[in-house]
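Colleague:
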Amino acid sequence: MADRLDTRAAVYIDFDNIVISRYDQLHGRSQFQRDKARGFDADAKGADPEIAERLARATVDIGAIIDFASSFGTIVLTRAYADWSAEVNADYRGQLVGRAVDLVQLFPTAAYTKNGADIRLAVDAVEDMFRLPDLTHVVIVAGDSDYIALAQSCRRLGRYVVGIGVAGSTSKSLAAACDEFATYDALPGITMVPPKALAAGRAPKKAAAATATSDEPVVVDERGLVVEPLFVEPTRRPGRRAASPATGKDDTEPEDPQQVATGLLERALRLGHEKDDADWLHSSSVKEQMKRMDPSFNEKALGFRSFSDFVNSRSDVAELDESEQIRVIRLKR
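Take 880 as the starting number for the sequence shown in our numbering and just add one per residue.
Following this line, the structure appears as structure tokens:
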């Protein structure tokens, strides 16, 4: 096994499980199936705009999942299992390609392909553990109880198992089989669904109305209080870029690198505070986490002589203490 200081993680995503669970969590039990959302095409003639809006609100942020997984160590592989010919899955192309996710195609052999992803994912994970002896962490993104045996096998082989699932659709036995389990709703940057809505299997009407009439999503903590979100997700569906009416070509403006870097710093700090339960974080560990989340990050390319200068320029987001020999940072409250 590799040294704990050099942790390496593999991420396995049961894509259908997480997408369908999130949709049903927000819109009601089995609503994904009733809406026939799997084959829904928002660009098709006569497409129901209400279903399109539901899919947009239930969009899963793959980046938030991978960023959280990276807090456990260097990610050596990320695989997502699904039928990528399905319209609802194909719409995630932008997110998946942007995070270098290896897409494993599951061809439907029948009308109902239960356990297709479960078995393939489990076989790949076990094979990778023997093929990659320096793998220290296994991250399973799913809430299905079928993964209990996989989690137990990974632990017997000396790996630290992390589970990520959607609240209300996760097996308690699976959570118990993991070394650590996190709900998708609790990841930094994700809009949390209030406990009452989870019990009812639908999003609260007031929150839904606020989301529809505002540029910012409503975020509610575990106490039912509205809190400020970490960042605002785009309202357009993932993988679909705006097209110019005149040319029909992509006309999306590139993101401001300074704003992207600020969001990266904020998310890294949130992850660090939640993982270490510490008020101050070492500057070097925060920068390392930012590099894990976005390998292209370079403060010098942004015009800063050092990482400290970069952090000081974001004084509205972070506080830097340079009074001691070791520089420490914390998220500004």
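Even for Gly, the Cβ is constructed at its ideal location relative to N, Cα and C.
Assess contact between the stretch 972-988 and the stretch 904-917, defined as three or more Cβ pairs (one per stretch) separated by less than 8 Å. Is contact present?
Modeller: No contact exists between the stretch 972-988 and the stretch 904-917.
Colleague: Taking C-beta to C-beta, are Ala965 and Arg933 nearer than 9 Å?
Modeller: In this structure, Arg933 does not lie closer than 9 Å to Ala965 by Cβ.
Colleague: Tell me whether Ile892 sits in a helix, a strand or coil according to DSSP, three-state version.
Modeller: Correct three-state label for Ile892: strand.
Colleague: In chain order, what residues of the same chain have a beta carbon less than 6 Å from the beta carbon of Tyr902, not counting five sequence neighbours either side?
Modeller: So the list reads Phe911 and Ala937, once near-sequence residues are dropped.
Colleague: Buried or exposed: Phe1009, going by 16 or more other Cβ atoms within 10 Å of its Cβ?
Modeller: The residue in question, Phe1009, is exposed, as its Cβ has fewer than 16 Cβ neighbours within 10 Å.
Colleague: Could you tell me if Arg1146 is buried or exposed, where buried requires 16 or more neighbouring beta carbons within 10 angstroms of its beta carbon?
Modeller: Flag for Arg1146 reads buried.
Colleague: Nearest CA to the CA of Leu1199: which residue from Gln1168, Ser1163, Leu1181 and Pro1136?
Modeller: Here the closest residue by C-alpha is Ser1163.
Colleague: Could you tell me the distance, in whole angstroms, from the CA atom of Ser949 to the CA atom of Thr1062?
Modeller: For Ser949 and Thr1062, the distance between alpha carbons rounds to 16 Å.
Colleague: For Leu1160, does the three-state DSSP call read helix, strand or coil?
Modeller: Strand at Leu1160.
Colleague: Flag this pair as yes or no: are the beta carbons of Ala1021 and Leu1000 separated by less than 9 Å?
Modeller: Yes, the pair counts as a contact, with Cβ atoms nearer than the cut-off.
Colleague: Return the residue from the list Gly942, Lys1154, Gly925 and Arg1212 that minimises the CA-CA distance to Ile892.
Modeller: Nearest option by C-alpha distance: Gly942.
Colleague: Rounded to a whole number of angstroms, what is the C-alpha to C-alpha distance between Asp1196 and His1152?
Modeller: Note that residue 1196 is Val in the sequence shown here, rather than Asp. When rounded, the distance between both Cα atoms is 14 Å.
Colleague: Where are the beta strand (DSSP E) runs, 3 residues long or more, that stay fully inside the stretch 1018-1056, in chain order?
Modeller: Qualifying beta strand (DSSP E) stretches, in chain order: 1039-1044.
Colleague: Straight-line CA distance for Gln1053 to Tyr1026?
Modeller: In the sequence as displayed, the identity of residue 1053 is Leu instead of Gln. Computed Cα separation, rounded: 7 Å.
Colleague: How about Val1002 and Ser1032: do their beta carbons lie closer than 9 Å?
Modeller: In this structure, Ser1032 does not lie closer than 9 Å to Val1002 by Cβ.
Colleague: What's the C-alpha gap between Leu1150 and Ser1202?
Modeller: Each residue's alpha carbon lies about 24 Å from the other.
Colleague: Measure the alpha-carbon distance for Thr957 versus Ala1065 and round it to whole angstroms.
Modeller: The alpha-carbon atoms of Thr957 and Ala1065 are separated by roughly 21 Å.
Colleague: Would you mind sorting Lys1166 into buried or exposed? The rule is 16 or more other CB atoms within 10 Å of its CB.
Modeller: By the neighbour-count rule (16 or more Cβ atoms within 10 Å), Lys1166 is buried.
Colleague: Specify, as a first and last residue, the run of the alpha helix (DSSP H) that Leu934 falls within.
Modeller: Here the alpha helix (DSSP H) through Leu934 covers Pro928 to Arg936.
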